[in-house]
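K.L.:
For reference, each letter of the sequence shown is one residue, going 33 to 247 in this note's numbering.
Have a look at this one.
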Amino acid sequence: MCQMRSAGVSLRLSVPVDSCLVMRKQCPNCGYPVQTCLCHAVQPVTNYTEVIILQHPKESLHAKNTVRLLSLTLSNITVLTGKLAVDFTELDQYLAVDPKPTAVFYPAEQSTELSPGAENVSTRIKRAIFIDASWKQAYGIWQNNAWLNRYPFYKLPLHHSGQYTIRNSELEYSFSTLEAVAYTLEYVEQLDPAPLLSLLNTFTAQWQRFLPRRD
């Protein structure tokens, strides 16, 4: 057993003391605790489509967030944290001066469903914007950032099934951000999603091994 104190409250954890100490140590490469290091599962991926993630501040603190996995893997990714348009002013300006074909991936009513035979999808999408948040938070980011509506919206087909079981949702289009990015890159540039999905499966297995299954 190991014991921790927080705000005067004593907490007893049913793991050996040495395990507690190891869990506090972080891998200098992947940033995860030593016991759940993911370096062995990371396969670098070169993506030519520019991936931009708009991440809700609360989601950035969530231990089960998958954007961190994307950052370890993809060669062309930018993660920006915020909620309101003012938080993304610099991004808006950047997009204005670098007008490559841009698309937003969010299941709004006006979203077009991607399909393997979508005509010229690789030429129509060179930059992909994703919202990383809970459903309610993602809706708020979309509503508070009208500039996103300057770009076409897309969504993934429903025949894909989310594999990220440690964060459950009964809603349609319930993919982790990693899954959404992986499948999008598969459609847009025929990039094999296996390295990303394999990393996600390893990450999920680590959680199931060391922590209770709850969200």
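The beta carbon of each residue, even a glycine, is placed where N, CA and C say it ideally should be.
#1: Using the Cα positions of residue 144 and residue 186, report the straight-line distance between them to the nearest angstrom.
#2: Would you list the one or two residues that DSSP bridges to residue 219?
#3: Alpha carbon to alpha carbon, how far is residue 165 from residue 110?
#4: Would you mind sorting residue 181 into buried or exposed? The rule is 16 or more other CB atoms within 10 Å of its CB.
#5: Are residue 86 and residue 120 closer than 8 Å when you measure CB to CB?
#6: Just checking my contact of residue 84 with residue 159 at CB under 8 Å: how many whole Å lie between their CB atoms?
#7: Determine, using beta carbons only, whether residue 142 and residue 88 come nearer to each other than 8 Å.
#8: Mapping the DSSP letters down to three states, classify residue 171 as helix, strand or coil.
#9: Would the beta-carbon of residue 239 fall within 8 Å of that of residue 96?
#10: Grab me the residues of residue 227's own chain with a C-beta within less than 6 Å of its C-beta, minus the 5 sequence neighbours each way, in chain order.
#11: Whole angstroms are fine: how far does the CA of residue 225 sit from the CA of residue 71?
#12: Among 237, 219, 232, whose alpha-carbon lies nearest the alpha-carbon of residue 80?
#13: Are residue 208 and residue 232 close, meaning C-beta to C-beta below 8 Å?
#14: Using 8 Å as the threshold, is the C-beta distance between residue 135 and residue 183 below it?
#15: When we look at the beta-carbon of residue 60 and count the other beta-carbons within 10 Å, is it buried (16 or more) or exposed?
#16: Using the Cα positions of residue 82 and residue 64, report the straight-line distance between them to the nearest angstrom.
P.N.:
Let's see:
#1: 5 Å
#2: DSSP output for residue 219 lists no bridge partner at all.
#3: 16 Å
#4: exposed
#5: yes
#6: Residue 159 and residue 84 do touch by the CB rule: their CB atoms are close to 7 Å apart, below 8 Å.
#7: no
#8: helix
#9: yes
#10: 75, 77
#11: 18 Å
#12: 219
#13: yes
#14: Residue 135 is a Cβ neighbour of residue 183, given a cutoff of 8 Å.
#15: exposed
#16: Taking the CA atoms as reference points, residue 82 sits about 25 Å from residue 64.
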